[in-house]
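*Asks:* Okay, here's the structure, questions in a sec.
In the numbering used here, the protein residues as written are 1084 to 1191.
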């Protein structure tokens, strides 16, 4: 009887879903620009926009685990400026990333 109660108590403890509990996020890598997305909905169609010395957009489908990797060959993140990435999925996932690289002061 006690073992049945312990088992029932163990099953009643809420456990967050490994994938569903995590917020979508993005990472940015150098040239060529590569964006990685994490924790999107499985097989979600995602529209990714990179603003870095121009505006570049592409579509990608997240894997069955909610991950994607997409390359923007024409985009560049060299030099100073503000770089932003937005990713919007057709199942409601959203993420954004912003990086500001300060320009060096002008030479005297």
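C-beta atoms are modelled at their ideal positions from N, C-alpha and C, and glycine is treated no differently.
It should be emphasised that the depicted structure is a prediction, and the values quoted were computed from it without experimental measurement.
Which residue's Cα is closest to the Cα of residue 1041: 1148, 1156 and 1149?
*Replies:* Absent from the structure is residue 1041, since the part of the chain shown begins at 1084 and ends at 1191.
*Asks:* Which same chain residues end up closer than 7 Å to residue 1133 when comparing Cβ atoms and leaving out the 5 residues on each side of it in sequence?
*Replies:* By one-based count along the chain shown, residue 1133 stands at place 50. Counting only Cβ-Cβ distances below 7 Å, and skipping sequence neighbours, we find 1116, 1118, 1139, 1155, 1158 and 1168.
*Asks:* Which residue comes first and which comes last in the beta strand (DSSP E) that contains residue 1140?
*Replies:* The sequence position of residue 1140 within the chain shown is 57, counting from 1. Residues 1138 to 1144.
*Asks:* Would residue 1123 and residue 1131 be called neighbours here (beta carbons separated by less than 8 Å)?
*Replies:* Position 40 of the chain shown, counting from 1, holds the residue named residue 1123. Position 48 of the chain shown, counting from 1, holds the residue named residue 1131. Their beta carbons are not under 8 Å apart, which means residue 1123 does not touch residue 1131 by this criterion.
*Asks:* My understanding is that residue 1120 touches residue 1109, with C-beta atoms under 8 Å, so please give their C-beta distance in whole angstroms.
*Replies:* By one-based count along the chain shown, residue 1120 stands at place 37. By one-based count along the chain shown, residue 1109 stands at place 26. The Cβ separation is near 6 Å, so the contact holds.
*Asks:* Tell me which residues share the same chain as residue 1153 and place their Cβ nearer than 6 Å to its Cβ, disregarding the 5 neighbours each side in the sequence.
*Replies:* The residue you call residue 1153 lines up with position 70 of the chain shown. Answer for residue 1153: 1118, 1131, 1141 and 1143, listed in chain order.
*Asks:* Can you tell me the Cα-Cα spacing of residue 1162 and residue 1179, whole angstroms?
*Replies:* Translated into the one-based positions of the chain shown, residue 1162 becomes position 79. Translated into the one-based positions of the chain shown, residue 1179 becomes position 96. Cα-Cα distance, rounded: 21 Å.
*Asks:* Rounded to whole angstroms, what is the Cα-Cα separation between residue 1189 and residue 1135?
*Replies:* Here the question's residue 1189 lines up with position 106 in the chain shown. Here the question's residue 1135 lines up with position 52 in the chain shown. If I take the Cα positions, the gap works out to 22 Å.
*Asks:* I'd like the list of long-range same chain contacts for residue 1107, defined as Cβ closer than 6 Å, with 5 residues on each side in sequence excluded.
*Replies:* Within the chain shown, the letter at position 24 stands for residue 1107. Here the set comprises 1122, 1123, 1176 and 1178.
*Asks:* Cα separation between residue 1149 and residue 1113?
*Replies:* Indexing the chain shown from 1 puts residue 1149 at position 66. Indexing the chain shown from 1 puts residue 1113 at position 30. Residue 1149 and residue 1113: Cα-Cα distance of roughly 22 Å.
*Asks:* Run through DSSP, which three-state label would residue 1130 get?
*Replies:* Residue 1130 sits at position 47 when you count from the first residue of the chain shown. Three-state DSSP puts residue 1130 in a strand.
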